[in-house]
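Going left to right, the sequence shown walks through residues 1187 to 1331 as my numbering numbers them. Virtual Cβ for every residue (Gly too), placed ideally from N, Cα, C. As structure tokens, the structure follows; a few thoughts come after it.
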Amino acid sequence: MIVSKEHIQPLIPQRKPFVMIDALLHSDERKTRTTFQVRQENIFVVDGVFREAGLLENIAQTAAARVGYIVQKEKMAAPMGYIGAVKNFEVFDLPKVNEELETEITITNQIFDITVITGMITCNDKLIARCEMKIFITNQKKNQL
């Protein structure tokens, strides 16, 4: 683990109750991995199950943590990012409360301010969701909003 739950907040623009990652396990130029434990009080939990919108947000926040980690090492403020498009979103299973997710994003293309990623979420070593996501990064810093 390279960033623990206690230190994850500065890497992403989201704030409680909308934080969908707990820890940063790995990050390099191409891949980033995070973990997240589904909790009953999460806004995307319905009837004890973490819903599809939460899975998408978890992938997006994993991508945000990658950028946040890079700029933090360079002593810069994290830029804002926005989901531009989601393609081929597939959900094979929905996790239940107290289950832990491991999410991996892989950069497939990066041109100017646009990054295309593939995201995969596993739970108990089983693939439960995947998608391709296009993310737009702005020059506006999160603390300027």
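Counted as a single uninterrupted DSSP element, the beta strand (DSSP E) harbouring I1269 occupies residues 1265 to 1277.
For the pair C1309 and V1272, the CB atoms are not nearer than the 9 Å cut-off.
By the neighbour-count criterion, in which a residue is buried when 16 or more other Cβ atoms sit within 10 angstroms of its Cβ, M1319 is buried. For V1283 and R1216, the gap between their C-alpha atoms comes out near 30 Å.
Measuring C-alpha to C-alpha distances from I1303 to each of L1280, S1190, G1267, P1281 identifies G1267 as the nearest. One alpha carbon belongs to T1292, the other to A1249, and they sit about 9 Å apart.
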